[in-house]
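Chemist: Below is a structure I'd like to ask you about.
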Amino acid sequence: MVEKKQNMREYFRRLKNDYVFRTLIFASISFVITLAFCLFNFFVGVIDGIVWNISIAVYYFLLLIIKLIVGCNEISWNRQKLDDSQKEEKRESVYLWQSILLLVIDLALVTPITLMMLQEKTVDYSSIVAITIATYTVYKIVMASINFYKTRKMSHLSVKIVRNINFVDALVSILTLQYTLIMTFGTGFDEGLKAVCAISSFGIWVALIVISIVVLVHAVKIKRNKTTI
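Heads up: the sequence shown begins at 1070 in the numbering used here, then just goes up one per residue.
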């Protein structure tokens, strides 16, 4: 009992003082919230027959897979009691393949965007759906911005991975909110809305691709520098 209390004190002490540890713990909470949003989109898509929501759910699921692997790796490395240099070497490999995968799924995002633009029928979303997606979007944008600012000078690669995914997640949630608001409070896609939606969607998609390329270049540089040392 005493040992259990000591472990709990150590846990909360580390949670308070270790920002990296705190970031990874809070990432698990973010994982659950994103999973819930992913399932929410999937069920809305299946029940209402909306391919857009199903495709976005698949996209979020792929982002969650990356987060899950990063978290499982960190737990595994801690259990193996690897030293910091060993952990960092493994993180470099994970950071590289994660960067490649992120670029691939961001390129594939053109599919749900195209589906959105080709949508002809008006979808009757309820106000509950619209409020849920709006709440999620605000939450992701605020948290992603805070985390990006706080971790911009950190070298911990697992934290960088989580930060990058959260930022991408926030940008994609804007696309989801845009589509939902048009369908909920508008009359569907007329020609004017299609033009505006196409421009904004393309802009967000380009931003995602640029972010993914920058991250990939950074990952390659880290791996190359490590190899030449």
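The C-beta atom is built at its ideal place from N, Cα and C for all residues, glycine as well.
Note that this is a predicted model, so its numbers are computed, not measured.
If you follow the alpha helix (DSSP H) that R1148 is part of, which residue opens it and which one closes it?
Modeler: First-last of the alpha helix (DSSP H) with R1148: V1120 to R1148.
Chemist: For V1283, does the count of other Cβ atoms within 10 angstroms reach 16, so buried, or fall short, so exposed?
Modeler: Per the 10 Å Cβ criterion, exposed.
Chemist: With a CB to CB cut of under 6 Å and the five nearest residues on each side skipped, what residues in its chain are close to I1280?
Modeler: None.
Chemist: Hey, how far is the Cα of T1249 from the Cα of A1199?
Modeler: Going from the Cα of T1249 to the Cα of A1199 covers about 6 Å.
Chemist: Are the Cβ atoms of K1292 and L1165 separated by less than 8 Å?
Modeler: In this structure, L1165 lies closer than 8 Å to K1292 by Cβ.
Chemist: Starting from L1187, trace the alpha helix (DSSP H) in both directions and tell me its first and last residue.
Modeler: Taken as a continuous stretch (DSSP letters only), the alpha helix (DSSP H) holding L1187 covers V1179 to L1187.
Chemist: Quick one: Cα of N1294 to Cα of H1287, how far?
Modeler: Between N1294 and H1287, the C-alpha separation is close to 11 Å.
Chemist: Taking C-beta to C-beta, are Q1155 and I1230 nearer than 8 Å?
Modeler: No, these two residues do not count as a Cβ contact at 8 Å.
Chemist: Terminal residues of the continuous alpha helix (DSSP H) containing M1212?
Modeler: That run of the alpha helix (DSSP H) goes S1196 to T1220.
Chemist: Does the beta-carbon distance from L1178 to Y1128 come in below 8 Å?
Modeler: Yes, Cβ-Cβ distance for L1178 and Y1128 is below 8 Å.
Chemist: Would you report the Cα separation of F1236 and Y1194, rounded to the nearest angstrom?
Modeler: The alpha-carbon atoms of F1236 and Y1194 are separated by roughly 26 Å.
Chemist: In angstroms with no decimal places, state the Cα-to-Cα distance between L1104 and Y1218.
Modeler: Between L1104 and Y1218, the C-alpha separation is close to 24 Å.
Chemist: Quick check on this structure: which residue in F1109, M1212 and I1273 has the alpha carbon closest to the alpha carbon of I1098?
Modeler: Of the listed residues, the one whose Cα sits closest to I1098 is M1212.
Chemist: In whole angstroms, what is the alpha-carbon distance linking F1111 and I1123?
Modeler: So the alpha carbons of these two residues sit roughly 5 Å apart.
Chemist: Let me make sure I understand the geometry here. Which of T1220, R1160, V1265 and V1228 has the alpha-carbon closest to that of M1186?
Modeler: With distances taken between Cα atoms, M1186 lies closest to V1265.
Chemist: Could you check which residue in V1120, L1285, I1094 and S1145 has the C-alpha nearest to that of T1245?
Modeler: Comparing Cα-Cα distances from T1245 to each of V1120, L1285, I1094 and S1145, the minimum goes to V1120.
Chemist: Please classify S1154: does DSSP put it in a helix, a strand, or coil?
Modeler: In the structure shown, S1154 sits in a helix (DSSP, three-state: H, G or I).
Chemist: Among V1241, I1174, A1203 and R1232, which residue has its Cα nearest to the Cα of T1253?
Modeler: Comparing Cα positions, the closest option is A1203.
Chemist: Rounded to whole angstroms, what is the Cα-Cα separation between N1147 and D1175?
Modeler: When rounded, the distance between both Cα atoms is 31 Å.
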